[in-house]
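In the working numbering, the protein residues as written are 3 to 132.
Every residue, glycine too, gets a C-beta built ideally from N, C-alpha and C.
Bear in mind that the values here come from a model prediction, so they are computed numbers and not experimental data.
A quick write-up on the structure given underneath.
Right, here's the structure in full:
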């Protein structure tokens with residue numbers, strides 16, 4: 003892949019964020035540095051960066067995909083209340099063993115996402131109940 007300063011800006015935007023950003027959020031941040039950047043360019047480059055293994059795509063059911071610059075294997079929590087995605091440190095061995103028991107497939111990668119409440123939203127809901 004040829005070098006593109008727009009692709010580099012998009013990659014750096016995701017890497018600099020602590021959040022798992024959607025393409026629209028990447029665009030909102032990156033366009034401040036490059037006003038002529040288009041949303042289509044952001045989508046295209048995020049797809050390319052994901053395919054090349056430079057970013058991780060996190061699929062959230064019913065929501066826009068998110069992008070993660072943290073590449074080592076880890077899983078995610080999608081908070082149904084605040085709509086954010088958080089890293090989860092789930093031990094990989096039990097998941098890998100479960101996948102290995104699936105007959106007739108050859109798993110190459112997996113993405114495990116838990117839907118629930120993040121600690122802040124869980125505390126807020128507990129406070130409302132009391």
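- The bridge partners DSSP lists for residue 70 are 58.
- By the 16-neighbour rule on beta-carbons within 10 angstroms, residue 47 is buried.
- A straight line joining the alpha-carbon of residue 7 with that of residue 125 spans about 42 Å.
- The straight-line gap separating the alpha-carbon atoms of residue 28 and residue 44 is approximately 7 Å.
- For residue 13, the uninterrupted alpha helix (DSSP H) run begins and ends at 7 to 18, by DSSP.
- By the C-beta density criterion, residue 116 is exposed, having fewer than 16 other C-beta atoms within 10 angstroms.
- Here residue 49 is not bridged, per DSSP, to any residue.
- Take the alpha-carbon of residue 31 and the one of residue 39: they are about 11 Å apart.
- Of 62, 103, 56, 54, the smallest CA-CA separation from residue 24 is found for 62.
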